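Just so it is clear: in the sequence shown, position 15 is 18 by our numbering, and no numbers are missing.
Built from N, CA and C at the ideal position, the CB exists for glycine as well.
Quantities reported herein were computed from a predicted structural model and do not represent experimental measurements.
Presented below is the structure to which this report refers.
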Amino acid sequence: MMKSMFKLFGDNQEKTQSSADIAKDRLKVIVATNHRLNMRLSAERVEEMKQEILEVVNKYIQGVQKDDVDIQQRQEDNMDILEMNVNLPERRD
């Protein structure tokens with residue numbers, strides 16, 4: 004009975020996503036939209052993006068190097084995917 008009450012009042016507990024999943028989905032939409040507009044990123048633009056990401060991350064977490072930022076472009080299910088990974092330094096308390 005309790006479960007049916009939650010459904011009745013719109014409990015979205017099963018549907019919640021982490022902020023990382025939401026950001027990933029949004030990025031996929033942006034890249035897919037750009038693909039439809041035929042606006043692919045050049046190697047120079049990827050390097051600019053990498054540098055900007057490095058600057059923003061270092062603003063909050065010091066010690067991240069350029070080699071710690073990896074940006075890959077790939078195609079999946081007729082969509083261009085832009086994947087970014089940032090390796091963070093070990094935490095020193």
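To which residues does DSSP link residue 77 through a beta bridge?
-> In the DSSP output, where bridge partners are listed per residue, residue 77 has 84.
Does DSSP put residue 49 in a helix, in a strand, or in coil?
-> Helix at residue 49.
Do residue 57 and residue 67 have their CB atoms nearer than 8 Å?
-> Yes, the pair counts as a contact, with Cβ atoms nearer than the cut-off.
Find the nearest neighbour of residue 76 within the set 70, 59, 88, judged by alpha-carbon distance.
-> Per the C-alpha coordinates, the member of 70, 59, 88 positioned closest to residue 76 is 88.
If you draw a straight line from the C-alpha of residue 53 to the C-alpha of residue 81, how long is it?
-> If you take the alpha carbons of residue 53 and residue 81, they lie about 25 Å apart.
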